[in-house]
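Colleague: One structure is given below, represented as structure tokens, and several questions about it will come after.
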């Protein structure tokens, strides 16, 4: 009991102040904890937002995989997880910080009142003590004065020389002092009795009551801080089930990852539909002039009687799906045989750019194949610089499987648009019916124009769906393949081919050695869908001219890919000799081909040559 501390009033006052300081310290601790929870929740939300996929970005396509969907679920759960930490902060602020702050203010007021009463009682007992001391000193002084007066009277009474009057006066004075001493004694006795009563009440009634109230106040403070600590733990405990659910959902999302399904999605996303290339046959170089080109090479000899499938078909020996387009075109168009020597009447020294000697000449196909395998593609026309933009409407520039997916996606999008338009039309039709039945609500004719527009839009969209479904059916093999001519007559290609009639690819589909002819292509059993190969190249513009040349001799271009020239004729140069002895020239917009370099005298235009070389560097 605090009443046992009757003489420790000052220490008790210090202790109760320390208790309030502890409570305020705990309030500060909880407040900082709430700030940490808020900061942590904010950082978690920012982290979750940072890794959320951006709308209309490529990242959204990545979330079709189960692993990335699981990651997205984790981000969402982390957002909910952050919300629980915000709940912790809010509950601690309202249930602990706010309540304790108000309680501390009340506690300070109560403590101040109790110690004010204690100090008041202390001052009262000190006042009583001072009164007792004063009464005691007065009684002591009066007693001494009475003794001195008595001694003086006795001295005067014994002295025979003192008159009787003086003796009487001394006697009266002694009696007076005795009376004053008696009065002081009575007062002192009364004051002492009163003080003892006050002191007893002070130490056994007033101070114990005050100390009892202080003790109760201190115990309430201790209980309150204990309850706050329990609340501190309970606030955390209340969100544990929800946090556990968040963690369970993350675990569930992780368990939903299907590696087989993701692998299948990768296959579907990048599958081209092409067959892998077949084996390359052995080429016998022991017979330079009678060598045979293997069936799996890029061209076959006309005289071997074998038909050659067009490129783009799924033939066993196909290599081109893995070749850059311009490099493939170079392979297709460059002559596969040595150029003929110039007429014997002219000396080699008199002919500029004369033919190479047999020792220096390299086997053309081998040279071309090695160059194609080791070098980068070259840009053969200016339009190639603009590659990477919007592709054809029918996605014919894509591999079959990817084209099928794109077409199916386009059909689905168009069907959705049709459904939206039909919903709008149905809504307007109902509105028109309401206007007809209730003319006061609106004019029924006001929606006719919009209904007509919606009807036209729906019809256009249905035509688009039919067009894309036709292409889709063609890819999936449900419809017979269209010929190149029929495909070019469609509305799509009418717009596309106006600027690309004489493209680079159309001028490079054959070689002078007769390895590919139209007759052979018609006999080939494996035909190519028009959208698999032709559309990759038929939108390129003719090569730019880099100079002029003069024909030194007459050359009869009997092989396909070559061009006949007459002696003295002036022509345009569009491609220099690449070391194989052939130069590509153009007579007009429709006639171009290869002639032996030794048959012409080349005059290169410096500016055009610089542009041509810069294009080659860009392509490399």
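Numbering (my numbering), first residue to last: 7 to 626.
Beta carbons: idealized from backbone N, C-alpha and C, even for Gly.
Note that this is a predicted model, so its numbers are computed, not measured.
Which residue's Cα is closest to the Cα of residue 423: 462, 402, 578 and 121?
Modeller: The shortest C-alpha separation from residue 423 is found at 462.
Colleague: Is DSSP giving residue 580 helix, strand or coil here?
Modeller: DSSP places residue 580 in strand when its eight states are reduced to three.
Colleague: Taking Cβ to Cβ, would you say residue 599 is nearer than 7 Å to residue 563?
Modeller: Yes. Within cutoff.
Colleague: Note down, in chain order, each residue of its chain lying with its Cβ closer than 7 Å to the Cβ of residue 227, except the 5 sequence neighbours on either side.
Modeller: If we look at residue 227 and ignore the five residues flanking it on each side, its Cβ neighbours are 25, 29 and 113.
Colleague: Out of curiosity, what's the CA-to-CA distance linking residue 325 and residue 409?
Modeller: Note that residue 325 has pLDDT 43, beneath the 50 cutoff, so the model's placement of it is unreliable and the number below is only indicative. Each residue's Cα considered, the two are about 20 Å apart.
Colleague: Drop a sphere of 10 angstroms on the beta-carbon of residue 481, count the other beta-carbons inside from all chains shown, and report buried for 16 or more, exposed for fewer.
Modeller: Its Cβ being crowded by 16 or more others within 10 Å, residue 481 is buried.
Colleague: I need the DSSP call for residue 443, collapsed to helix, strand or coil.
Modeller: Helix at residue 443.
Colleague: Starting from residue 591 and walking both ways along the alpha helix (DSSP H), at which residues does that stretch end?
Modeller: Per DSSP, residue 591 belongs to no alpha helix (DSSP H); it is in the beta strand (DSSP E), 588-592.
Colleague: Quick one: give me the first and last residue of the alpha helix (DSSP H) that residue 634 is part of.
Modeller: Lying before the first or after the last residue shown, residue 634 is absent from the chain, which here runs from 7 to 626.
Colleague: Could you tell me the distance, in whole angstroms, from the CA atom of residue 185 to the CA atom of residue 145?
Modeller: Rounded to whole angstroms, residue 185 to residue 145 spans 11 Å at the Cα level.
Colleague: List the endpoints of the continuous alpha helix (DSSP H) containing residue 101.
Modeller: First-last for residue 101: undefined, no H or E at that position.
Colleague: Out of 128, 604 and 253, point me to the one whose CA is closest to residue 211's CA.
Modeller: Out of 128, 604 and 253, 128 has the C-alpha closest to the C-alpha of residue 211.
Colleague: Distance check for residue 188 and residue 219, CA to CA, integer angstroms please.
Modeller: So the two alpha carbons sit approximately 45 Å from each other.
Colleague: Could you say which of 592, 430 and 278 lies nearest to residue 412 if we only look at CA atoms?
Modeller: Checking every option, the nearest Cα to that of residue 412 belongs to 278.
Colleague: Using DSSP with H/G/I as helix, E/B as strand and the rest coil, what is residue 568?
Modeller: Correct three-state label for residue 568: strand.
Colleague: Do three or more CB pairs link the region 573-587 to the region 546-560 at distances below 8 Å?
Modeller: Yes, the region 573-587 is in contact with the region 546-560.
Colleague: Does the beta-carbon of residue 364 have 16 or more other beta-carbons within 10 angstroms, so that it is buried, or is it exposed?
Modeller: Reliability fails at residue 364, whose pLDDT of 35 lies under 50, so the model's placement of it is uncertain and no value is given.
Colleague: If I measure Cβ to Cβ from residue 414 and keep anything under 7 Å in the same chain, skipping five residues before and after, which residues do I get?
Modeller: Cβ neighbours of residue 414 beyond the five flanking positions: 478.
Colleague: Give every residue of the same chain whose Cβ lies closer than 7 Å to the Cβ of residue 102, excluding the five residues on either side of it in the sequence, and list them in chain order.
Modeller: Counting only Cβ-Cβ distances below 7 Å, and skipping sequence neighbours, we find 36, 234, 237 and 238.
Colleague: Could you give the DSSP three-state label for residue 476: helix, strand or coil?
Modeller: The answer is helix: DSSP assigns residue 476 an H, G or I state.
Colleague: For residue 556, list the residues DSSP reports as bridge partners.
Modeller: DSSP, once it has assigned bridges, lists 576 and 607 as partnering residue 556.
Colleague: Going by C-alpha distance, which of 592, 72 and 583 is nearest residue 256?
Modeller: Nearest option by C-alpha distance: 72.
Colleague: Go ahead and pull the three-state DSSP assignment for residue 512.
Modeller: Because residue 512 sits at a pLDDT of 39, beneath the cut-off of 50, its placement in the model cannot be relied upon, and the following sentence gives the value as read from the coordinates. Looking at residue 512 - three-state DSSP - the assignment turns out to be helix.
Colleague: Answer yes or no: do residue 580 and residue 549 have a C-beta to C-beta separation smaller than 7 Å?
Modeller: The answer is yes: Cβ separation under 7 Å.
Colleague: Can you name, in chain order, every residue of its own chain whose Cβ lies under 8 Å from the Cβ of residue 311, other than the five neighbours on each side?
Modeller: Since pLDDT at residue 311 reaches only 40, below the 50 mark, its modelled position is unreliable, and no value is offered.
Colleague: Rounded to the nearest angstrom, what separates residue 404 and residue 276 at their Cα positions?
Modeller: Those two C-alpha atoms are separated by around 11 Å.
Colleague: Closest by CA to residue 20, which one among 460, 118, 448 and 608?
Modeller: Closest option to residue 20, Cα to Cα, is 118.
Colleague: Is the beta carbon of residue 192 sitting closer than 7 Å to the one on residue 155?
Modeller: For residue 192 and residue 155, no; Cβs fall outside 7 Å.
Colleague: Spatial neighbours of residue 41 within its chain, please: C-beta separation below 8 Å, excluding the five flanking residues on both sides.
Modeller: Closer than 8 Å at Cβ, skipping near neighbours: 95.
Colleague: How should residue 197 be labelled, buried or exposed, when 16 other C-beta atoms within 10 angstroms of its C-beta is the threshold for buried?
Modeller: Counting Cβ neighbours within 10 Å, residue 197 comes out buried, since at least 16 surround it.
Colleague: Would you grab the beta carbon distance between residue 204 and residue 134 for me? Rounded to a whole angstrom, and I think it's under 8 Å.
Modeller: Confirmed, Cβ separation roughly 5 Å.
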